[in-house]
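Chemist: Before I ask anything, here is the structure I am working with.
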Amino acid sequence: MSTYLRRRTLSQYNADVVFMGKSAEEKRTFQFFCQCPTLKIAGVSKSDFWDHLLIQASTAERSIFHAVVAVGCAYRRHIMRSGNSGLAGRTALQVSSMIQDECLTFQQYNKAIRHLSRLIDQKDIVSCRLTAITCILFVCLEMLQGQLQSMDIHYRFGLSRLADMQKTQKGPIDEPLAQAYSRLTMHFDLIGQDSWCPNKTNPRNIVNVEIPPQFNTVKSARLILDELLTDIIALRKEAEQLDFDRSPPTSSIVHRQAMLRRHLLAWGNASKLSMKTTFAQISINEQLEVRILRAYHTMGGIILETGLSPKREIAFNAFTSEFASIISQSEDVLRLAGCLDPQPLQPQICGLDPAFSIECGGLPLMYYTSLKCRSPQLRRKAISLLSRTKHTEGLWTGPVLSQIATEIMQLEEEECDLKVLEQTTERTEKADERFDKIDTLLYLERIVPNHRRFYHIQVDLPVADVENIVVLTCTRPKQGGLLGCETVYRRMHLREGVAIPAP
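Here you go:
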């Protein structure tokens, strides 16, 4: 869908004007960016920014045009690298093409930087807007190349320019651009990179959020849920900074939680009604998006209800059925997309190995479940789904996240009773069917006691001299109810997902 929209947007412009003064390779790569079916930058969602605004801006601003070409080149190399044959199995022509794309990527990046340099010191709305657009393209480029520190720099600078726009602009900010950065920030936060994501300051009055009885479009449902999830994550991060053991949550925080709970309920009711009406006849891409949104709605409810219980992982014991629902919905998405048990001639909509998206898709859902679900059976099922989901979302593929989740699970369970772990299937089924709920909650606590569970898992960027090595910082309470916390570190190779012993 996004490829079609990018191509249609480009067709509205005179090609002779768009490509005036551009080389044949620049033209070819720009068109590749607009037409490549697996370059799904916004995932399965329609995006006013990626599908329309970006293409429009590329026709008028040289820094954006050259940044788009650089992303197109980097993605062609990403496709080549994703092949299973390895370097030895590639033809001389393929190797030559990869080298050419690497050179062209570097050349186009430098051109974009050169044209951008005249805008960097300007504080007017137009300059800030063009700089923020170029920066998010640079984020995309550095993700594809695995240059994580450069990605962080571009992300932060783009956010600062967005903030400059908010200070200068009297009317509403450029919504498509702000939404693109908001969804990128949400993606970072859900995977555990929240140290580089700014807390949402001055949250708008969520009491005034209006949710219709039903949604007219899938896009309207997504925009409202995005806002709710942003507020929920902000509330959770604020709660993490407070010590509720010494003083109870403030009335303001409790009120915000209650309002968000009410809005989530209204969104869920509207989506159920829409499934019978406006969503009854929608495209396969939109069917995928609706299923993903409903799973994020479920996850948002878990985050909201546990958000005022920071450092108390026992709170997640009560959400086994919700985690089971997320897994079920994720399986439906993967089957519909052709990733799980594909039928003969079934198209693979978003499951192709080289497919790349910069925004949230199914990976954060399964990753969150694999970290927070306390049913060993469901937890392992989420990890298994991750390992079979090989497309790239941002920095991550499913197999890499599955390795991280496995490492965390093993650290939490390493001192647990193996016999208890082996007896979980029957109890998990009871929890799913809501039988013997109190007994089941006590049983889950027996499997992995609270002091073994990590309440915060941070994925830190690699240091400059160690390429693609990420550091996991895992924090949990001290055993025996002692004050303070225990921190465990693990170093992992980003591309392979292999744990490396800490020095």
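Going left to right, the sequence shown walks through residues 33 to 535 as my numbering numbers them. All C-beta atoms, glycine included, are put in the ideal place defined by N, C-alpha and C. Quick caveat: nothing in here was measured; it's all calculated off a predicted structure.
(1) Quick one: using the 10 Å Cβ neighbour count with 16 as the cut-off for buried, is residue 284 buried or exposed?
(2) Whose CA, out of 490, 355, 288 and 420, lies closest to the CA of residue 407?
(3) State the DSSP-derived secondary structure class of residue 487, mapped to helix, strand or coil.
(4) Let me check understanding here. Comparing Cα to Cα, which of 441, 519 and 269 lies closest to residue 340?
(5) So residue 371 is in the beta strand (DSSP E); what residue range does that whole segment cover?
(6) Contact between the segment 57-67 and the segment 302-318: three or more CB pairs below 8 angstroms?
(7) Please report the residue range of the beta strand (DSSP E) in which residue 525 lies.
(8) Quick one: give me the first and last residue of the beta strand (DSSP E) that residue 506 is part of.
(9) Going by DSSP, what residue range makes up the alpha helix (DSSP H) through residue 243?
(10) Going by DSSP, name the residue or residues bridged to residue 388.
(11) If I measure Cβ to Cβ from residue 393 and keep anything under 6 angstroms in the same chain, skipping five residues before and after, which residues do I get?
(12) Rank 297, 480, 315 and 412 by C-alpha distance to the C-alpha of residue 345 and give the top, closest one.
(13) Starting from residue 299, trace the alpha helix (DSSP H) in both directions and tell me its first and last residue.
(14) Should residue 78 be labelled buried (16 or more other beta-carbon atoms within 10 Å of its own) or exposed?
(15) Which of the three DSSP states, helix, strand or coil, is assigned to residue 538?
(16) Can you tell me where the alpha helix (DSSP H) holding residue 189 begins and where it ends?
(17) If you compare alpha carbons, which of 396, 177, 165 and 438 is closest to residue 412?
(18) Quick check on DSSP: helix, strand or coil for residue 133?
(19) Just checking, does the segment 246-261 make contact with the segment 306-315 on the three C-beta pairs under 8 angstroms criterion?
(20) Roughly how many angstroms lie between the CA atoms of residue 364 and residue 218, to the nearest whole one?
(21) What do you get for residue 297, buried or exposed, if any count of 16 or more other CB atoms within 10 angstroms of its CB means buried?
Modeler: According to the structure data:
(1) Answer is exposed; the Cβ neighbour count stays below 16.
(2) Proximity to residue 407 across 490, 355, 288 and 420 peaks at 355, based on C-alpha coordinates.
(3) Three-state result, residue 487: coil.
(4) For the residues 441, 519 and 269, the minimum Cα distance to residue 340 belongs to 269.
(5) No beta strand (DSSP E) contains residue 371, which DSSP labels as neither H nor E.
(6) These segments do not touch.
(7) In the DSSP assignment, residue 525 falls within the unbroken beta strand (DSSP E) covering 517-525.
(8) Counting along the chain, residue 506 sits inside the beta strand (DSSP E) bounded by residues 501-509.
(9) For residue 243, there is no enclosing alpha helix (DSSP H), since its DSSP letter is neither H nor E.
(10) Note: residue 388 sits in a beta bridge opposite 71 and 424.
(11) Cβ neighbours of residue 393 beyond the five flanking positions: 75 and 425.
(12) Of 297, 480, 315 and 412, the residue nearest in Cα terms is 480.
(13) Run containing residue 299: 283-308, per the alpha helix (DSSP H) assignment.
(14) Residue 78 counts as buried, since at least 16 other C-beta atoms from the protein chains shown sit within 10 angstroms of its C-beta.
(15) The chain is shown only over 33 to 535; residue 538 falls outside these bounds and no answer can be derived.
(16) Unbroken alpha helix (DSSP H) run through residue 189: 180-200.
(17) Comparing Cα positions, the closest option is 438.
(18) Residue 133 falls in the helix class under three-state DSSP.
(19) Cβ pair count under 8 angstroms is three or more, so yes.
(20) CA-to-CA, the gap between residue 364 and residue 218 works out to about 23 angstroms.
(21) Exposed is the call here.
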